[in-house]
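S.K.:
2 protein chains.
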Amino acid sequence: MENDIEPGKEITISWLQQGAEVCKESIAGVRDGLYVLKGKWKLRLIVALAGGPLRFKDIQRSVGEISSKILAKELKELELNEFVERKEYPTSPVTITYQLTPYSQSIDKVMHELIVWGIKHRERIVASRKK
Amino acid sequence: MENDIEPGKEITISWLQQGAEVCKESIAGVRDGLYVLKGKWKLRLIVALAGGPLRFKDIQRSVGEISSKILAKELKELELNEFVERKEYPTSPVTITYQLTPYSQSIDKVMHELIVWGIKHRERIVASRKK
DNA sequence: CGGAATCCCAAAAGATACTG
DNA sequence: CAGTATCTTTTGGGATTCCG
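Line by line, the protein sequences are chains B and S.
Heads up: the first sequence is residues 303 to 433, going by our numbering.
Heads up: the second sequence is residues 303 to 433, going by our numbering.
(1) What do you reckon, are the CB atoms on VAL349(B) and ILE313(S) nearer than 8 angstroms?
(2) Use the C-beta contact count for SER406(S): other C-beta atoms within 10 angstroms, 16 or more gives buried, fewer gives exposed.
(3) Starting from ILE427(S) and walking both ways along the alpha helix (DSSP H), at which residues does that stretch end?
(4) Taking the Cβ atom as the reference point for each residue, do TYR400(S) and LEU345(S) lie within a distance shorter than 8 angstroms?
(5) Which same chain residues end up closer than 8 angstroms to ARG388(S) when comparing Cβ atoms and leaving out the 5 residues on each side of it in sequence?
(6) Can you grab the Cα-Cα spacing for the pair GLU304(S) / VAL332(B), in whole Å?
(7) Tell me whether LYS389(B) sits in a helix, a strand or coil according to DSSP, three-state version.
(8) Secondary structure at GLN401(S), three-state DSSP: helix, strand or coil?
(9) Can you give the beta carbon distance from TRP317(S) to HIS414(B), rounded, assuming they're within the 8 angstroms contact cut?
(10) Any C-beta of chain S within less than 7 angstroms: which residues of the stretch 356-380 of chain B qualify?
(11) If we cut at 8 angstroms on Cβ distances, does ARG424(B) have a partner in chain S?
(12) Does the CB of ILE421(B) have a neighbour CB from chain S at under 8 angstroms?
(13) Quick check: what's the CA-CA separation for GLU327(B) versus PRO392(B)?
(14) Looking only at its chain, what residues have a beta carbon closer than 8 angstroms to the beta carbon of SER364(B), apart from the 5 residues adjacent to it on each side?
(15) Using a 10 Å radius around the Cβ and a threshold of 16 neighbouring Cβ atoms, would you call VAL338(S) buried or exposed?
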C-alpha cells in the first residue's frame, strides 16, 4: 500500500476555488500587485520617502548606492502606479521633490499580511534546514 | 503660497511606524514573502498543482511553454519552501509526482489580500491612463 | 541638481540536445 | 519519463559621461 500512487490529501487553495474566469482575474491581480513592489529598490524607496518628501539627490544619499539611471526608472514606475508624486517648484534652479501619495497607503493591508507570513515562513524554513 | 515648498500631507505607512529593529525585520519579511512567489512561473505551477498531484511532463503540458530546465528549477524552489512535495514511486520506470503540501495553504490570506488589492489597483491605473 | 544617453556586466530565462 | 548540460537570449542593474 505504501507504494501505491495515492491521490494524496486534497489541498484546497481558497483563492483558486472559483470559476475559471475569476481565477484568471485573480492571477492577473496577483501579478499586478507583485509588479508594483518588484525590483531591488522599490521597498527601500518607499521606506526612504516615508519620512517625508525628498529631492532626487537626497533619495540617492538616503538609500545608498543607487545609480541615477535606476533611481529615475524606479521613481517613474512608482509614479505610474500612483505611489509617488513628483513636484516641481519654480525656484532657480528648479527644485523637484518626490513624496508618497495617500494612495500608497492602500497597500498597507497586503504588506501587513506579507510581513507576518514572511517572517513566520523564514523561521520555519531556517528551522527545517537545521535539522 | 502655491509654489512654496511645502512638506505635504504626512503619509503614515503603518508597517513602517515601528522601531528600527522591527522595521528591518518587516522589510526582510516582505522580501522573503515576495521571494517565494517570485519568477514567472511559480503562481502558474501552484495553479496547475491545485487540481491534484501531477507528473513532471504533465505539469509541463499543463502550464504551457516552460522548458524542462526552468521547470526543474522552479519545482526545486517550491520544494525548498515546502510548498510542493516530490514523491517517488518504485514503478518501472520510476514514477515521480509533485503535489501541493498542506503548508502551501498558509499563504492563502496573503494571496487573498494581494488579489483584492491587485485587481482594484489595475482598475485604478487603467482608468487613470484613459483620461 | 535632475536627469538622459551610452556602454557594460551578471543573473534569469529559454532553446536544444542529451542521458539514465 | 525526469530530468541535466550547454549555449543563446533577454532582462535588470550599474558605471560613467554629459546636458540644460
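Cβ coordinates follow ideal geometry from the N, Cα and C atoms, glycine included.
Since the model is a prediction, treat every value here as computed from it, not as a measurement.
M.R.: Quick look at the numbers:
(1) no
(2) buried
(3) 410-432
(4) no
(5) LEU377, GLU381, ILE398, THR399, TYR400
(6) Because GLU304(S) carries a pLDDT of 48, less than 50, the predicted location of this residue cannot be relied on, and the following value inherits that uncertainty. Approximately 39 angstroms between the Cα atoms of the pair.
(7) strand
(8) strand
(9) 6 angstroms
(10) none
(11) yes
(12) yes
(13) 44 angstroms
(14) ALA350, LEU356
(15) buried
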